[in-house]
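**Student:**
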Amino acid sequence: MNIFRLTGDLSHLAAIIILLLKIWKTRSCAGISGKSQLLFALVFTTRYLDLFTSFISLYNTSMKLIYVACSYATVYLIYMKFKATYDGNHDTFRVEFLVVPVGGLSFLVNHDFSPLEILWTFSIYLESVAILPQLFMISKTGEAETITTHYLFFLGLYRALYLINWIWRYYFEGFFDLIAVVAGVVQTILYCDFFYLYVTKVLKGKKLSLPA
Amino acid sequence: EDQKIHKDEL
Numbered sequence: 001m002n003i004f005r006l007t008g009d010l011s012h013l014a015a016i017i018i019l020l021l022k023i024w025k026t027r028s029c030a031g032i033s034g035k036s037q038l039l040f041a042l043v044f045t046t047r048y049l050d051l052f053t054s055f056i057s058l059y060n061t062s063m064k065l066i067y068v069a070c071s072y073a074t075v076y077l078i079y080m081k082f083k084a085t086y087d088g089n090h091d092t093f094r095v096e097f098l099v100v101p102v103g104g105l106s107f108l109v110n111h112d113f114s115p116l117e118i119l120w121t122f123s124i125y126l127e128s129v130a131i132l133p134q135l136f137m138i139s140k141t142g143e144a145e146t147i148t149t150h151y152l153f154f155l156g157l158y159r160a161l162y163l164i165n166w167i168w169r170y171y172f173e174g175f176f177d178l179i180a181v182v183a184g185v186v187q188t189i190l191y192c193d194f195f196y197l198y199v200t201k202v203l204k205g206k207k208l209s210l211p212a
Numbered sequence: 001e002d003q004k005i006h007k008d009e010l
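Top line first, the protein sequences correspond to chains A and B.
Each residue of the first sequence is one higher than the one before, counting from 1 in my numbering.
Each residue of the second sequence is one higher than the one before, counting from 1 in my numbering.
(1) Using a C-beta to C-beta distance shorter than 9 Å, which residues of chain B count as neighbours of A/Tyr-171?
(2) Using a Cβ cut-off of 7 Å (strictly closer), state whether A/Ile-56 contacts chain B.
(3) Identify, in the order they occur along the chain, each residue of the same chain with its Cβ nearer than 6 Å to the Cβ of B/Asp-2, setting aside the five sequence neighbours on each side.
(4) Can you list, in chain order, the residues of its chain whose CB lies under 7 Å from that of A/Val-186, leaving out five sequence neighbours each side?
(5) Does any residue of chain B have a CB that is nearer than 7 Å to the CB of A/Met-63?
(6) Does A/Asp-193 get closer than 7 Å to chain B when you measure Cβ to Cβ?
(7) Determine the direct distance from the alpha carbon of A/Thr-188 to that of A/Ile-131, and round the result to whole angstroms.
(8) May I have a chain-ordered list of the alpha helix (DSSP H) segments no shorter than 4 residues that lie completely inside the region 53-97 of chain A?
(9) In this structure, how does DSSP classify A/Leu-20 when only helix, strand and coil are distinguished?
(10) Using DSSP bridges, identify the partner residues of A/Ala-144.
(11) Run the CB neighbour count on A/Ala-41, radius 10 Å, all protein chains shown included, and call it buried at 16 or more, exposed below.
(12) Give a yes or no on whether the C-beta atoms belonging to A/Ile-147 and A/Lys-22 are separated by under 7 Å.
(13) Do the region 155-163 of chain A and the region 110-118 of chain A make contact, defined as three or more Cβ pairs closer than 8 Å?
(14) Please tell me whether A/Phe-31 and A/Ala-212 are closer than 7 Å, where the distance is taken between their beta carbons.
(15) Expressed to the nearest angstrom, what Euclidean distance is found between the alpha-carbon atoms of A/Met-1 and A/Ser-57?
(16) For the candidate residues A/Gly-8, A/Lys-81, A/Phe-107, whose alpha-carbon lies nearest to that of A/Ser-28?
(17) If we ignore side chains and look at the alpha-carbon of each, how far apart do A/Val-100 and A/Asp-177 end up?
(18) Helix, strand or coil, according to DSSP, for A/Leu-152 in the structure here?
Shown next, in the form of structure tokens:
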């Protein structure tokens, strides 16, 4: 465990909690893509099946459980409790265009052709693109609430910190996982445009709105 | 053990 990995995990946790609190406090999930949140719930479910097969550390187990629980709570709030506020008309990204190719790729390119390993690979690939429905929704409506941009910032920062963590681990531990690194690079690149808008607009106190 | 290594990350 190095500082980049730890801050990456905490940044991920911050993103998840910010989103939950935003929905809970405002009693509304307006502007949030339920499809992205469903994909993240699927990501955590397929990745953390090793909770049943191996124990790594108390930290590892508790963080996994927290991520899974929070992602299901978010999906519940969007599709059940605050369904009336869900902006389904703008959440029109076709998720099958992500899930099907990612599913195929995880069968073709993986570390080991075993069920758990394929599901783990699937979750890594899917996570890298799971934010697309959310970004698509923002590009469609042309704006995002400031709190939603904080959520996206921490979510993007998390994988960027993981990239530094992997460079660190490569040099100091000889650890290198090509699948995770390539997917992590793709994931981080998807946020670059958003990072630019976040720094140039949101951090200067302006609302994130895209030119018409 | 190699297969388990990446599972220490989240």
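Using N, Cα and C, we set each Cβ at its ideal position, and we do this for glycine too.
**Tutor:** In this structure, then:
(1) Within chain B, no residue comes near A/Tyr-171; the closest Cβ sits about 16 Å away, beyond 9 Å.
(2) yes
(3) Only weak support exists for where B/Asp-2 lies, its pLDDT of 49 falling under 50; the value from the coordinates is given anyway. None.
(4) Ser-128
(5) yes
(6) no
(7) 11 Å
(8) 58-76
(9) helix
(10) A/Leu-208
(11) buried
(12) yes
(13) no
(14) Just to set this straight, residue 31 of chain A is Gly in the shown sequence, not Phe. No, the pair does not count as a contact, with Cβ atoms beyond the cut-off.
(15) 11 Å
(16) A/Lys-81
(17) 23 Å
(18) helix
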